[in-house]
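Asker:
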Amino acid sequence: MTTPNDALDFYPTPDSLAFDMVFSLREVKSGFTTYPKPILEPSAGDGALARQVHALAFNVHHDYKTGEVDRYDKEKARSAELDCIELSSDFRAVLKKDGFRVVHDNFLTFRPTTKYAAIVMNPPFSEGARHLLKALDIMQDGGKVRCLLNAETLRNPCTNERKELAAKLEELHATVKYIPDAFKNARRAARVEVALVSVDIPDREPVSRIRLDLKNETAERLKENPEFAALVSSDPITAAIERYNAAAEGVRRIYEEYNGIKSLFSSAGAGKKENPVMAFTKSYNDAIRELRGMYWKQLFEMPQLFDAMTYEMQQDYQKRIKELEGYDFSAYNILTVREEISRNLLSSIDHEIIKLFDDWTNLHYNDEYSKNVHYYNGWCTNSAYKINRKVIFRCNAFDTYDGRFCPRYNATGHVAQIERVLHFLDTNGKPYNGDELRAVLDAAEKSGQTQKIQLHYFTATFYKKGTCHIEFTNTDVLKSFNLYAGQRKGWLPPTYGKKSYHDMAAADRRVVDSYEGEASYTDTLTRHLIPTQSTFLQLNA
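Following full-length UniProt numbering, the numbering of the sequence shown begins with 1 at its first residue and continues without gaps.
#1: Please go through the same chain and pick out, in chain order, the residues whose beta-carbon is closer than 6 Å to the beta-carbon of Arg253, but skip the five residues on each side of it.
#2: For a quick check, are the C-beta atoms of Arg438 and Thr412 less than 8 Å apart?
#3: Counting only the same chain and skipping the five closest in sequence on each side, list residues whose C-beta sits under 8 Å from that of Leu525.
#4: Grouping DSSP H, G and I as helix and E and B as strand, with all else coil, what is Phe32?
#5: Residues in its own chain within less than 8 Å of Met302 by CB, not counting five upstream and five downstream?
#6: Within 10 angstroms of its Cβ, does Ser348 collect 16 or more other Cβ (buried), or is it exposed?
#7: Helix, strand or coil for His173 per DSSP?
#8: Rounded to whole angstroms, what's the CA-CA distance from Leu539 to Ile341? Just pull it up for me.
#9: Would you mind reading off the limits of the beta strand (DSSP E) that contains Ser198?
#10: For the candidate residues Asp73, Cys395, His374, whose alpha-carbon lies nearest to that of Tyr385?
#11: Would you call the CB atoms of Pro42 and Ala117 closer than 8 Å?
#12: Please go through the same chain and pick out, in chain order, the residues whose beta-carbon is closer than 7 Å to the beta-carbon of Glu312, but skip the five residues on each side of it.
#13: Are the beta-carbon atoms belonging to Asp203 and Gly142 less than 8 Å from one another?
#14: Under the assumption that Ala57 contacts Ala50 (Cβ atoms under 8 Å), give the Cβ distance between them as a whole number of angstroms.
#15: Straight-line CA distance for Phe357 to Val415?
#16: Going by beta-carbon coordinates alone, are Leu132 and Leu149 separated by less than 8 Å?
#17: Can you say whether Ala506 is buried or exposed, counting buried as having 16 or more other CB atoms within 10 angstroms of its CB?
#18: CB-CB under 8 Å to Leu441, same chain, minus the five flanking residues each way: which ones, in chain order?
#19: Considering only their Cβ atoms, is the gap separating Thr310 from Arg420 smaller than 8 Å?
#20: Do you know offhand how far Tyr284's Cα is from Glu290's?
#21: By the three-class DSSP mapping on this structure, what secondary structure does Asn377 have?
#22: Please name the residue in Lys355, Lys489, Arg292 whose C-alpha comes closest to that of Gly326.
#23: Does the stretch 103-111 come within contact of the stretch 71-91, defined as at least 3 CB pairs closer than 8 Å?
#24: List the endpoints of the continuous beta strand (DSSP E) containing Leu529.
#25: Can the beta-carbon of Leu172 be found less than 8 Å from the beta-carbon of Ile201?
#26: Compare the beta carbon distance of Asn372 and Val391 with 8 Å and say whether it is the shorter of the two.
#27: Counting only C-beta atoms, is Glu445 closer than 8 Å to chain B at any point?
#28: Under three-state DSSP, which class holds Val337?
#29: Would Pro14 be called buried (16 or more neighbouring beta carbons within 10 Å of its own) or exposed?
#30: Can you tell me whether Asp181 is helix, strand or coil according to DSSP?
#31: Around the Cβ of His423, are there at least 16 other Cβ atoms within 10 angstroms (buried) or fewer (exposed)?
#32: Using CA atoms only, rank isn't needed, just tell me which of Leu165, Ala331, Gly403 is closest to Val232.
And the structure:
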């Protein structure tokens, strides 16, 4: 077509070069190719670059002869996130006829409200520096820019504008590819060397005035109270309360700000229902409730509480998050919950010890698990039993999809539950630390070690058929485990642990002989291996 009088600096981008420019915007994630959107073409001319954007980024095709959108792609073209700008009125008419959205005439006076993800451009050669500086300014918060320039614009920075551009491109680590005779065979031929400039600007960290104010206010408050500041830095729960208070205040200020400005973007007229272009989907109180729930959930995942509770209690408190949303995340309410945990702890520990014992012993009817138990003649029964040093139980530590060993997702919780139960029986132990178990299993996963993994009380070997074989390395804890279960089930005489072997009645001694023998019983008494409820409280303090 004839070049319009208002587009004498017009040199349409050759198809192959236009393809390369747009194709370089692609992003491959998880095997899928995507393009950043929305895209701006600020010197669209007759649509040479825009057609490539349509084809590659939006799968919209144009008729080769007429330039118009294929009839099957008209709907896609209307929804395509591509905006065009063109100074020439004749070319603007062509662009609109060919199905492009023209949003402005002069790029240098354009003030976008859309946040573009990419700009692809072939500006007038005589205005290249100014146009590219404008594009970089628009994209300063992050995005991609692809721009064709006359090579002289960069090779010969003889003006302040060109010098500013050169410094900006260096600051942004732009790449420049020089292409000689790129327009030699173009529709409007020119013997000129061009520079293809590619800039990928990282997304700028969002800045919140409210958050900055809250941060400064918190810093000032901690500065005025050094003792409280020291507590915040040393106690994770106090720090969590401080974060919650800041977050809750942030929510309050956001809603206050929104309510104060929402009339600017509401279409409500007299007697009409309000129809805002943006709206919060939750009320202020609902948002605060969900914020509380998030912090209560995080609290129960902290080692200070998580490792101090039995598995049953962990599950119970996770289910109560919805209920706790009605309570502020405060020191008083947290203390109330911790006192409640302490009150319920003894019965929960007792329940979990017996449950674990029953889980392991109930499997012994299956041949594979038959060696889990050892029978002995109990008090008033001949069907008493105790756990052996080696135990097999069901536990899948392998990914069901690819068979990969991944205990951190499938087995950590199960093994942690066992360790925590045994910890309550460890009369010579220290407060439980679940981080140690998680670190050991993470290391085993990374190294691929599936056998004889040394844990706190036993070694663990995992098999792909979905079983775990453990062998106790701490026999004292195993003994305490069996003693507690035997006493609770009434399989050991009432005098067990209260009298020396020779002070027992003959019938009681026969039970001791069947269970462990005189020497082992004496050792049990001497080393205080019989767990009590006071032991549970001491270990959980």
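Beta carbons are placed, not taken as given, at the ideal position from N, Cα and C, and that holds for glycine.
Answerer: Taking the geometry as given:
#1: Along the sequence shown, read from residue 1 onward, the residue named residue 253 stands at position 253. Within the same chain, Arg253 has close Cβ partners Ile210.
#2: The count along the sequence shown starts at 1 and reaches residue 438 at position 438. The count along the sequence shown starts at 1 and reaches residue 412 at position 412. Yes, the Cβ-Cβ distance between Arg438 and Thr412 is below 8 Å.
#3: In the sequence shown, counting from the first residue as 1, residue 525 sits at position 525. Once the five neighbours on either side are set aside, the close Cβ partners of Leu525 are Gly497, Ser500.
#4: Within the sequence shown, the letter at position 32 stands for residue 32. The answer is strand: DSSP assigns Phe32 an E or B state.
#5: Locating residue 302 in the sequence shown gives position 302, counting from the first residue. Excluding positions up to five away in sequence, the list reads Pro236, Ile237, Ala240.
#6: Here residue 348 refers to the residue found at position 348 when the sequence shown is read from its first residue. So Ser348 counts as buried.
#7: On the sequence shown, residue 173 is found 173 positions in, with the first residue counted as 1. In the structure shown, His173 sits in coil (DSSP, three-state: anything other than H, G, I, E or B).
#8: As a first step, residue 539 must be located in the sequence shown, where it is residue number 539. As a first step, residue 341 must be located in the sequence shown, where it is residue number 341. Here the model assigns Leu539 a pLDDT of 49, short of 50, so the residue's position is not dependable, and the following value carries that caveat. Our two residues, Leu539 and Ile341, have alpha carbons roughly 14 Å apart in a direct line.
#9: Translated into positions along the sequence shown, residue 198 becomes position 198. Start and end: 194-201.
#10: The sequence position of residue 385 within the sequence shown is 385, counting from 1. Closest option to Tyr385, Cα to Cα, is His374.
#11: One-based indexing of the sequence shown puts residue 42 at position 42. One-based indexing of the sequence shown puts residue 117 at position 117. Result no, Cβ atoms of Pro42 and Ala117 do not sit closer than 8 Å.
#12: Numbered from its first residue, the sequence shown carries residue 312 at position 312. Closer than 7 Å at Cβ, skipping near neighbours: Ser348, His351, Glu352.
#13: Counting from one through the sequence shown, the residue named residue 203 turns up at place 203. Counting from one through the sequence shown, the residue named residue 142 turns up at place 142. Going by C-beta atoms, Asp203 is nearer than 8 Å to Gly142.
#14: Translated into positions along the sequence shown, residue 57 becomes position 57. Translated into positions along the sequence shown, residue 50 becomes position 50. Between Ala50 and Ala57 the Cβ distance is about 10 Å, and since that is not below 8 Å, they are no contact.
#15: Start at 1 with the first residue of the sequence shown, and residue 357 comes out as number 357. Start at 1 with the first residue of the sequence shown, and residue 415 comes out as number 415. Spanning the two alpha carbons is a distance of roughly 14 Å.
#16: By one-based count along the sequence shown, residue 132 stands at place 132. By one-based count along the sequence shown, residue 149 stands at place 149. Yes. Within cutoff.
#17: Here residue 506 corresponds to residue number 506 of the sequence shown, with the count starting at 1. Flag for Ala506 reads exposed.
#18: Counted from its first residue, the sequence shown places residue 441 at position 441. Excluding sequence neighbours, Leu441 sits near Pro407, Arg408, Ala411, Thr412, Val415, Ile453.
#19: What you label residue 420 is simply residue 420 of the sequence shown in a count that begins at 1. What you label residue 310 is simply residue 310 of the sequence shown in a count that begins at 1. Taking 8 Å as the Cβ cut-off, Arg420 and Thr310 qualify as a contacting pair.
#20: Taking the sequence shown and counting its residues from 1, one reaches residue 284 at position 284. Taking the sequence shown and counting its residues from 1, one reaches residue 290 at position 290. For Tyr284 and Glu290, the distance between alpha carbons rounds to 10 Å.
#21: Locating residue 377 in the sequence shown gives position 377, counting from the first residue. Strand.
#22: Stepping through the sequence shown from its first residue, residue 326 is reached at position 326. Nearest option by C-alpha distance: Arg292.
#23: yes
#24: Locating residue 529 in the sequence shown gives position 529, counting from the first residue. Note, Leu529: premise wrong, no beta strand (DSSP E); not H, not E.
#25: Reading the sequence shown from its first residue, position 172 is the one you call residue 172. Reading the sequence shown from its first residue, position 201 is the one you call residue 201. In terms of Cβ geometry, Leu172 and Ile201 form a close pair [threshold 8 Å].
#26: One-based indexing of the sequence shown puts residue 372 at position 372. One-based indexing of the sequence shown puts residue 391 at position 391. Cβ atoms of Asn372 and Val391: closer than 8 Å.
#27: The chain inventory of the structure shown lacks chain B, comprising one protein chain alone.
#28: For the purposes of this step, residue 337 is taken as the residue at position 337 of the sequence shown. It is helical.
#29: The residue given as residue 14 occupies position 14 in the sequence shown. Buried: at least 16 other Cβ atoms inside 10 Å.
#30: For the purposes of this step, residue 181 is identified with residue 181 of the sequence shown, where counting begins at 1. In this structure, Asp181 counts as coil in the three-state DSSP scheme.
#31: Here residue 423 refers to the residue found at position 423 of the sequence shown. Buried: at least 16 other Cβ atoms inside 10 Å.
#32: Counting from 1 along the sequence shown, the entry for residue 232 is found at position 232. Of Leu165, Ala331, Gly403, the residue nearest in Cα terms is Ala331.
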